[in-house]
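Numbering (our numbering), first residue to last: 2 to 214.
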């Protein structure tokens, strides 16, 4: 029996996640994707690639059956705020979605609500927390720890033994050298190279990386 699934966020990444769900179902028909949920009233009733925007997150509290959701909002803090609003709904479960093209060992642990997009490679002894997004064509090396609500944008390369703190966002094409720690609440600019640990929250850019402000 297919599981009833709703995607929170009807923007561009939400549409990409709907495509990911379709790709999963081609291999293993697991999800009945009902539609999108979005707290922006201007989107309600719109159709996105064949799926309607049904309303805001408050509609989840009116359902009296087990349903599954995944939050397809790239901004880490916004994603956490949305999840915090619905975390107490016991009938709402969080789907973990992995594109069929992902290469991964069986020594990778994924938290609930996490999304792993097409073309990504996960090697061995990796821990990825809850509600993490790993976008297209990323690589994660051995013994990495990616904490809750991290967003990894496309084509990011994370070497081995790296710890990325919660709510951090790693910009498109950034590269993390082995053995470094990245604080929580870091925004890393596109193309940045991190060769030493980032101990403080903030925005970092450049090659090598430097903190702004």
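Where a beta carbon is used, it is the ideal one built from N, C-alpha and C, also for glycine.
Asked                                                                                                                                                                     : Found
In terms of residues, what are the limits of the beta strand (DSSP E) holding residue 129?                                                                                : 127-129
For the ligand GTP, any of its heavy atoms closer than 7 Å to the Cβ of residue 15?                                                                                       : Ligands are entirely absent from the displayed structure, and the ligand GTP is therefore not among its contents.
For residue 208, which of helix, strand or coil comes out of DSSP?                                                                                                        : coil
Using the Cβ count rule (16 or more neighbours within 10 Å means buried), how would you classify residue 78?                                                              : exposed
CA-CA distance, residue 9 and residue 58?                                                                                                                                 : 8 Å
For residue 54, which residues in the same chain have their Cβ closer than 6 Å to its Cβ, ignoring the five residues on either side in sequence?                          : 11, 37, 39, 44, 45, 47
Run through DSSP, which three-state label would residue 163 get?                                                                                                          : coil
Report the three-state DSSP secondary structure of residue 45 (helix, strand or coil).                                                                                    : coil
With a threshold of 7 Å on Cβ separation, who are the neighbours of residue 62 within its own chain once the five nearest residues in sequence on each side are excluded? : 90
So, are the CB atoms of residue 135 and residue 153 less than 8 Å apart?                                                                                                  : yes
Tell me residue 170's beta-bridge partners as DSSP assigns them.                                                                                                          : 152, 188
Closest to residue 117 by CA distance: which of 7, 3, 18 is it?                                                                                                           : 18
In whole angstroms, give me the CA-to-CA distance for residue 139 and residue 66.                                                                                         : 36 Å
Just to confirm before moving on: does the CB-CB distance between residue 194 and residue 181 stay below 8 Å?                                                             : no
DSSP beta-bridge partners for residue 6?                                                                                                                                  : 34, 69
Looking at the structure shown, is residue 203 part of a helix, part of a strand, or coil, going by DSSP?                                                                 : strand
Indicate the three-state DSSP secondary structure (helix, strand or coil) for residue 79 in the structure shown.                                                          : helix
Which class does residue 182 belong to by DSSP, given the choice of helix, strand or coil?                                                                                : strand
Report, in whole angstroms, the separation of the C-beta atoms of residue 129 and residue 104, which I expect to be a contact under 8 Å.                                  : In fact, because the Cβ distance is near 15 Å, the residues do not count as touching under 8 Å.
Tell me, which residues are paired with residue 105 by DSSP?                                                                                                              : 123
Between which two residues does the beta strand (DSSP E) containing residue 133 stretch?                                                                                  : Element bounds for residue 133: n/a, residue is neither H nor E.
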